[in-house]
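Q: First the structure, then my questions, so here it is.
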Amino acid sequence: MKTFLLQFFTWWNSQTLGTRFHTWRHGKKVGQDEAGNVYYEGGVDSEGRTRRWVIYSNYSEASMIPAGWHGWMHHRVDTAPPSDNYKPREWQKPHQPNLTGSAAAYRPKGSVLTNQHRPQVTGDYDAWTPGS
1 MKTFLLQFFT WWNSQTLGTR FHTWRHGKKV GQDEAGNVYY EGGVDSEGRT
51 RRWVIYSNYS EASMIPAGWH GWMHHRVDTA PPSDNYKPRE WQKPHQPNLT
101 GSAAAYRPKG SVLTNQHRPQ VTGDYDAWTP GS
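Take the sequence shown: its position 94, counted from the start at 1, is 94 in the UniProt record's numbering, and no numbers get skipped.
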């Protein structure tokens, strides 16, 4: 019951009722990533390409899509990662979540959100002035 109410009243939890209905009518499951996100395709968009979408396992966060699936979602590649023909590039790294706004976000020395002090200025900087 809680899942139904979340889908009815929120858009940021997994999927809405409209998305569930659209997926039921037009969606063909393509695969699932290690985070539990499920990828679908079906129908045609305004440019004549196959429509592709993702149902997130938790909150709808676009940075949760791994690199291989991102390429497939945006029609950069035709083969989805679970297929036998898919080979990740050697430079692709495993997914790391976006930590902005969380307690684990990067905060440099001197930030008001840390107890560290800003490094002292050394005085070796001279400002540029025109004509000098």
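Each residue gets a CB set at the ideal place from its N, CA and C atoms; glycine is no exception.
What would DSSP say about G18, mapped onto helix, strand or coil?
A: In the structure shown, G18 sits in a helix (DSSP, three-state: H, G or I).
Q: Using the Cα positions of R25 and H95, report the straight-line distance between them to the nearest angstrom.
A: Looking at the two C-alpha atoms, the distance is approximately 31 Å.
Q: Which one of G36, P81, V44, Q120 has the shortest CA to CA distance from G27?
A: Among G36, P81, V44, Q120, the Cα nearest to that of G27 belongs to V44.
Q: Smallest Cα separation from H117: which of G123, K109, D124?
A: Looking at the Cα atoms, K109 is the closest of the given residues.
Q: Tell me which residue opens and which closes the beta strand (DSSP E) that G71 is part of.
A: Not the beta strand (DSSP E): G71 falls in the alpha helix (DSSP H), residues 67-73.
Q: Rounded to whole angstroms, what's the CA-CA distance from S111 to K29? Just pull it up for me.
A: If you take the alpha carbons of S111 and K29, they lie about 46 Å apart.
Q: Helix, strand or coil: which one does DSSP assign to W53?
A: Correct three-state label for W53: strand.
Q: Tell me which residue opens and which closes the beta strand (DSSP E) that K29 is part of.
A: Run containing K29: 28-32, per the beta strand (DSSP E) assignment.
Q: Flag this pair as yes or no: are the beta carbons of E41 and R52 separated by less than 9 Å?
A: Yes.
Q: Please return the same chain residues whose Cβ sits closer than 7 Å to the Cβ of P66, not counting the five positions on each side in sequence.
A: Taken in chain order, the residues that qualify are D33, H95.
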